[in-house]
Amino acid sequence: MQTDWRPSCSQDLLLLRAQLLQKIRRFFAQRDVLEVETPLLCQGTGTDPQLSFFTSAYDLPPNRQTLYLQTSPEFAMKRLLAAGGGSIFQICKAFRNGEAGRHHNPEFTLLEWYRVDFNLPQLMDEVDALISELFADFGLGCSERSSYQNVFMSRTGLNPFEFDFDQYSAHAESTGLPEAAGLCGHDPAAWLDLLFSHQVQPWLGDNALALVYGYPACQSSLARLSEESLLTTERVEIFINGMELGNGYHELTDPTEQECRFDRDNAIRQQRGLPVVSKDPRLLAALKSGLPNCSGMAIGLDRVLMLLSGSNSINDVLAFPVHHA
Numbered sequence: 004m005q006t007d008w009r010p011s012c013s014q015d016l017l018l019l020r021a022q023l024l025q026k027i028r029r030f031f032a033q034r035d036v037l038e039v040e041t042p043l044l045c046q047g048t049g050t051d052p053q054l055s056f057f058t059s060a061y062d063l064p065p066n067r068q069t070l071y072l073q074t075s076p077e078f079a080m081k082r083l084l085a086a087g088g089g090s091i092f093q094i095c096k097a098f099r100n101g102e103a104g105r106h107h108n109p110e111f112t113l114l115e116w117y118r119v120d121f122n123l124p125q126l127m128d129e130v131d132a133l134i135s136e137l138f139a140d141f142g143l144g145c146s147e148r149s150s151y152q153n154v155f156m157s158r159t160g161l162n163p164f165e166f167d168f169d170q171y172s173a174h175a176e177s178t179g180l181p182e183a184a185g186l187c188g189h190d191p192a193a194w195l196d197l198l199f200s201h202q203v204q205p206w207l208g209d210n211a212l213a214l215v216y217g218y219p220a221c222q223s224s225l226a227r228l229s230e231e232s233l234l235t236t237e238r239v240e241i242f243i244n245g246m247e248l249g250n251g252y253h254e255l256t257d258p259t260e261q262e263c264r265f266d267r268d269n270a271i272r273q274q275r276g277l278p279v280v281s282k283d284p285r286l287l288a289a290l291k292s293g294l295p296n297c298s299g300m301a302i303g304l305d306r307v308l309m310l311l312s313g314s315n316s317i318n319d320v321l322a323f324p325v326h327h328a
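Residue numbers for the sequence shown follow this note's numbering, beginning at 4 and rising by one.
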């Protein structure tokens, strides 16, 4: 008798997921942040070269149109913000093609929220408060805040804002990453991604929330540049026990700069042989109409559940992971 129809996770984990969603909704309700829904099947999508997307053929005879499953609800939520709706949050599915592994499933649950008139430190304060509430019974230590430059240099001895191919290659070779030069070439962003993931991230957030802010400008296509240095952006990522949980920005509101960044993303896509993505005209129109000063955060809730339950794989907290869907 066929038995693979059964869910992959236990009933206890289904209950834990339901409780997590209730806590999140209560947290934002107490702060008068409105819960919204936006379409996940859209006519446009993000240009980030690091992300692959799913396409769908929409047939409405006599017309046929390509639509995209969203890697994040960001663009539609920003259109709501530009329309004057105030601070908002959403819990939804997001989709990223080609992602599978211990921490990845191509369909996953995302919490995303935007706070009008919040700067990055205020956003980090709210992230800290939310994580403290969600992990109240987990015994987390005090949260830690560090700049990207400090944590990167402390682990690698390299300055992330002064790229030198020979220096980076020698470091990679001496630390057991001889393939790095071939993989990254002369692309500073690729080097930073590789070295950060292998030599920095595993040591972030030892039974505590770690917030890393001030990312290099080459790694933040939707964050505004820092007023203190054009080399950094107002971006934060959060980690617990070496696992990345979320990514946030003091959001870029300049439509001209955003369009330039879309163009740069597409140029990188073309160089890498990836499909070029049309710039989302509705997002750009929303930015031109006036996106309010705001900060936003996205957190992967399946990874939160992994930590809360002590699970080793994302498959253990999903009812039906992709190989079982």
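For every residue, glycine included, the Cβ atom is placed at its ideal position computed from N, Cα and C. These figures come from a predicted structure and were not determined experimentally.
Out of curiosity, what's the CA-to-CA distance linking residue i and residue j?
{"i": "Leu198", "j": "Pro64", "result": "50 angstroms"}
{"i": "Gln93", "j": "Glu254", "result": "17 angstroms"}
{"i": "Asp190", "j": "Glu115", "result": "30 angstroms"}
{"i": "Glu230", "j": "Cys297", "result": "15 angstroms"}
{"i": "Leu294", "j": "Gly87", "result": "9 angstroms"}
{"i": "Lys81", "j": "Ser75", "result": "11 angstroms"}
{"i": "Ala60", "j": "Met156", "result": "47 angstroms"}
{"i": "Phe30", "j": "Asp209", "result": "25 angstroms"}
{"i": "Ser90", "j": "Glu262", "result": "24 angstroms"}
{"i": "Glu237", "j": "Glu77", "result": "17 angstroms"}
{"i": "Phe57", "j": "Cys95", "result": "16 angstroms"}
{"i": "Thr235", "j": "Trp8", "result": "49 angstroms"}
{"i": "Val130", "j": "Gly188", "result": "36 angstroms"}
{"i": "Asn315", "j": "Asn244", "result": "12 angstroms"}
{"i": "Gln14", "j": "Asn100", "result": "28 angstroms"}
{"i": "Gly313", "j": "Gly144", "result": "17 angstroms"}
{"i": "Gly142", "j": "Arg148", "result": "18 angstroms"}
{"i": "Asp167", "j": "Ala184", "result": "12 angstroms"}
{"i": "Ile271", "j": "Lys282", "result": "14 angstroms"}
{"i": "His106", "j": "Asn66", "result": "39 angstroms"}
{"i": "Ala132", "j": "Asn153", "result": "24 angstroms"}
{"i": "Gln33", "j": "Val39", "result": "16 angstroms"}
{"i": "Ala192", "j": "Asp268", "result": "12 angstroms"}
{"i": "Ala173", "j": "Glu182", "result": "11 angstroms"}
{"i": "Thr6", "j": "Thr256", "result": "51 angstroms"}
{"i": "Phe111", "j": "Gly104", "result": "12 angstroms"}
{"i": "Arg28", "j": "Gln125", "result": "20 angstroms"}
{"i": "Ala139", "j": "Leu113", "result": "21 angstroms"}
{"i": "Pro284", "j": "Asp62", "result": "22 angstroms"}
Given residue i, which residues of its chain have a CB within under 6 angstroms of its CB, disregarding the five upstream and five downstream residues?
{"i": "Pro258", "result": "Leu287, Leu290 and Lys291"}
{"i": "His327", "result": "Ser11"}
{"i": "Tyr171", "result": "Trp194"}
{"i": "Glu2", "result": "Here the chain has residues from 4 to 328 only, and residue 2 is not among them."}
How about residue i and residue j: are their beta carbons less than 8 angstroms apart?
{"i": "Ile302", "j": "Leu212", "result": "no"}
{"i": "Phe164", "j": "Pro219", "result": "yes"}
{"i": "Leu223", "j": "Tyr252", "result": "Reading the sequence as shown, one finds Ser at residue 223 and not Leu. For Ser223 and Tyr252, yes; Cβs fall inside 8 angstroms."}
{"i": "Gly249", "j": "Met300", "result": "yes"}
{"i": "Leu123", "j": "Val239", "result": "yes"}
{"i": "Leu310", "j": "Met246", "result": "yes"}
{"i": "Leu70", "j": "Leu44", "result": "yes"}
{"i": "Thr41", "j": "Ala85", "result": "no"}
{"i": "Phe98", "j": "Gln73", "result": "yes"}
In chain order, what residues of the same chain have a beta carbon less than 7 angstroms from the beta carbon of residue i, not counting five sequence neighbours either side?
{"i": "Ala322", "result": "Pro10, Ser11, Cys12 and Leu17"}
{"i": "Leu228", "result": "Ala220 and Thr236"}
{"i": "Leu137", "result": "Leu23, Lys26 and Val307"}
Could you tell me if residue i is buried or exposed, where buried requires 16 or more neighbouring beta carbons within 10 angstroms of its beta carbon?
{"i": "Arg20", "result": "buried"}
{"i": "Gln204", "result": "buried"}
{"i": "Phe121", "result": "buried"}
{"i": "Leu161", "result": "buried"}
{"i": "Ala175", "result": "buried"}
{"i": "Ala226", "result": "buried"}
{"i": "Leu186", "result": "exposed"}
{"i": "Gly49", "result": "buried"}
{"i": "Ser177", "result": "exposed"}
By alpha-carbon positions, which one of the options ends up nearest to residue i?
{"i": "Phe242", "options": "Leu225, Thr256, Ile271 and Leu207", "result": "Leu207"}
{"i": "Val279", "options": "Gly47, Arg28, Glu176 and Leu37", "result": "Gly47"}
{"i": "His201", "options": "Gly179, Thr235 and Cys221", "result": "Gly179"}
{"i": "Leu277", "options": "Asp62, Gln25, Leu54 and Val39", "result": "Leu54"}
{"i": "Leu83", "options": "Gly188, Arg118 and Phe111", "result": "Arg118"}
{"i": "Gln273", "options": "Arg34, Gln33 and Pro52", "result": "Pro52"}
{"i": "Met127", "options": "His106, Gly142, Ser150 and Tyr171", "result": "Ser150"}
{"i": "Gln169", "options": "Trp194, Ser146, Asp62 and Asn153", "result": "First, the amino acid is wrong: residue 169 is Asp here, not Gln. It is Trp194."}
{"i": "Thr159", "options": "Asp62, Ser146 and Asp196", "result": "Asp196"}
Just to confirm my understanding: we take residue i, look at its own chain, exclude 5 residues before and 5 after, and list those with CB closer than 8 angstroms. What are they?
{"i": "Asn108", "result": "Glu102, Asp305, Ile317, Asn318, Leu321, Pro324 and Val325"}
{"i": "Arg275", "result": "Pro52"}
Is the CB of residue i under 8 angstroms away from at least one CB in chain B?
{"i": "Gly313", "result": "Any reference to chain B falls outside this structure, which holds one protein chain only."}
For the ligand GTP, any of its heavy atoms closer than 7 angstroms to the Cβ of residue i?
{"i": "Arg285", "result": "Among the components modelled here there is no ligand, and therefore nothing to report on the ligand GTP."}
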